[in-house]
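Residue numbers (the UniProt record's numbering): 1 to 388.
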C-alpha cells in the first residue's frame with residue numbers, strides 16, 4: 001500500500017469517526033444524506049488509488065509481500081532470494097539456512113557500493129585481516145605451551161590484550177607468566193622475564209631501598225617502579241611474582257656485601273696471626289655498616305620469612321651456604337681458629353651489627369672496636385681442635 005492509498009483510507013476512517021459520534025435516531029434526513037455523500041467520495045478516492053496504482057509496485061510472485069519504502073518497486077522477498085543465490089554462487093555452495101524468525105537478509109545500506117566478486121570470494125575463503133576472528137583460529141594449533149611451572153605444562157597460552165597480532169605480550173592461562181614475541185614454539189621459565197641485566201640490578205637495588213624504608217609489607221611492584229624512576233609496570237616484566245622479587249633482593253644484599261678484588265688480594269698477602277684476624281673483622285663490620293639499607297632489608301626479609309615458608313626455605317639455604325663459604329675460606333687461608341670459632345664470630349658480630357644499625361647510640365665507635373678485638377681474642381683459639 002503506497003502513500004496515496006494510505007491517505008485515502010485515513011480520510012475515510014476519519015470522516016466515519018467524526019460523523020459516527022453525531023448520528024442518532026433523531027438525525028434529520030438531510031444530515032444523513034450529507035454524511036453518506038462524504039463517505040462515498042472518500043471510498044471512491046480509495047478505490048481509485050488502488051486501481052490506478054503502478055503495476056511495478058506489485059510483485060507477481062508476492063502480491064502482498066513487503067516492499068522497501070524507499071523503492072516501492074523492490075520486493076524484499078525477491079531481493080533476499082537473489083542475494084542468497086549470488087552469495088552461494090561466489091562461495092561455492094549454498095549458505096546455511098537462517099534461524100526461523102530471523103527475518104530476511106538485510107539489504108546493503110544506501111550509498112554503500114556492492115561487493116565485487118573478488119571480495120566475496122575472499123570472504124568465502126575466510127577473513128585473514130589483522131585482528132579478525134579467523135586469525136586466532138588459524139594460529140591456535142601453533143600456539144606454544146607454558147613450561148614455566150610443572151602445574152602449567154601442556155596448557156596453551158592466550159593473548160593478554162585480545163587476539164590482535166599487534167600485541168606481542170602473552171600470558172599463560174595457568175600461572176599468569178608473561179612472555180614477549182613468537183620466537184619459539186616452546187618457552188621455559190628463563191624466557192618468561194626480560195634479560196636486561198643492568199635494568200634488573202637497578203630494580204633489585206630499588207627493592208632493597210623500599211624494604212629498608214617501608215618494610216616487607218610496603219614492597220610492591222609499583223613502589224619499586226617509583227623508587228627506580230622507571231615507567232609503571234616495569235618491575236612486573238622482570239619478576240614473576242612478589243616472592244621472586246624478595247628472593248632476588250636477599251641474594252643482591254649478599255652480593256653487594258662481598259669484598260672487592262683489591263681487598264681480597266690484600267687479605268691473601270697479609271699475615272696469618274691474630275692481629276690480621278682482628279683487622280679483617282673490623283673491616284667486615286665497617287663494610288656491612290656502610291651498606292645500612294642492605295642489612296636492614298635483610299632483617300626485613302628474615303621477619304617476612306617467619307610468615308612465608310617458601311621464603312624461609314630460600315633464606316635458610318642461602319645463610320647455610322654463606323656460613324659454609326666463610327668456614328671454607330677460613331680453613332684455606334691458614335688463619336688461627338677452627339670452624340666453631342668462625343661460627344661463633346658470625347653470631348657475635350651479627351648482633352653487634354644489628355645494634356649499630358638499629359640503635360647506633362648504644363655503643364660508641366671506640367667501644368665497638370674493643371668489642372670486636374675482645375671477640376676475636378676470646379673466641380679464636382690458635383691451633384685448637386676442630387669442634388664443629
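C-beta: ideal position from N, C-alpha, C; glycine also. Since we're looking at a predicted model, the values are computed, not measured.
query: residue 342 and residue 330 look like a contact to me (Cβ under 8 Å); what is the Cβ gap, rounded to whole Å?
result: 5 Å
Just to confirm, are residue 284 and residue 302 a CB contact at a threshold of 8 Å?
no
Keeping to the same chain, check which residues put their C-beta closer than 6 Å to that of residue 232; ignore five residues upstream and five downstream. 225
Q. Can you find at least 3 beta carbon pairs, one from the segment 248-257 and one from the segment 342-359, that sit closer than 8 Å?
A. no
Next on the checklist: Considering just the uninterrupted stretch of the alpha helix (DSSP H) at residue 237, what are its terminal residues?
Outcome noted: Looking at the DSSP string, the run of the alpha helix (DSSP H) that includes residue 237 is 234-238.
_Proximity winner among 280, 38, 274, 251, relative to residue 265 (alpha-carbon distances)_ = 280
Item checked: Of the residues 33, 212, 291, 30, the one placed nearest residue 299, counting alpha carbons only -> 212
Decide if residue 7 is buried, meaning its Cβ has at least 16 other Cβ atoms within 10 Å, or exposed. exposed
Original post:
Which of the three DSSP states, helix, strand or coil, is assigned to residue 219?
Top reply: coil
Give the range of the alpha helix (DSSP H) segment to which residue 297 is assigned. For residue 297, the enclosing alpha helix (DSSP H) covers residues 292-305.
_Here's a check: name, in chain order, each residue in its chain whose Cβ is nearer than 7 Å to the Cβ of residue 291, leaving out the five neighbours to either side._
256, 257
Where residue 205 falls, given that 16 or more other Cβ within 10 Å makes a residue buried:
buried
Please check the pair residue 345 and residue 375, which I expect to be a contact at CB under 8 Å, by giving their CB distance rounded to whole angstroms. 6 Å
CB of residue 311 within 8 Å of CB of residue 304, strictly: The answer is yes: Cβ separation under 8 Å.
Problem - Status (buried if at least 16 other CB within 10 Å, exposed otherwise) for residue 380 - result: Residue 380 is buried by the Cβ-count criterion.
Quick check on residue 368: buried or exposed, where buried means 16 or more other Cβ atoms within 10 Å of its Cβ? buried
| query | Along the chain, where does the alpha helix (DSSP H) that runs through residue 310 open and close? | reply | 309-333
Count the other CB atoms within 10 Å of the CB of residue 362; is the residue buried (16 or more) or exposed (fewer)? The residue is exposed, with fewer than 16 neighbouring Cβ atoms inside 10 Å.
Q) Can you tell me whether DSSP reads residue 272 as helix, strand or coil? A) coil
Considering residue 204, what are the terminal residues of the alpha helix (DSSP H) in which it resides?
Run containing residue 204: 197-214, per the alpha helix (DSSP H) assignment.
query = Which one of 289, 44, 317, 274 has the shortest CA to CA distance from residue 360?
reply = 289
* Asked: According to the Cβ coordinates, are residue 246 and residue 219 closer than 8 Å?
  -> yes
query = Assuming residue 42 contacts residue 11 under a Cβ cut-off of 8 Å, what Cβ separation, rounded to an integer in Å, is found between them?
reply = 5 Å
Subject >> Exposure of residue 210, with buried meaning 16 or more beta-carbon neighbours within 10 Å >> reply: buried
Is it the case that the Cβ atoms of residue 223 and residue 249 are separated by a distance below 8 Å? no
Quiz prompt | Limits of the alpha helix (DSSP H) - the one that residue 380 falls within | solution = First-last for residue 380: undefined, no H or E at that position.
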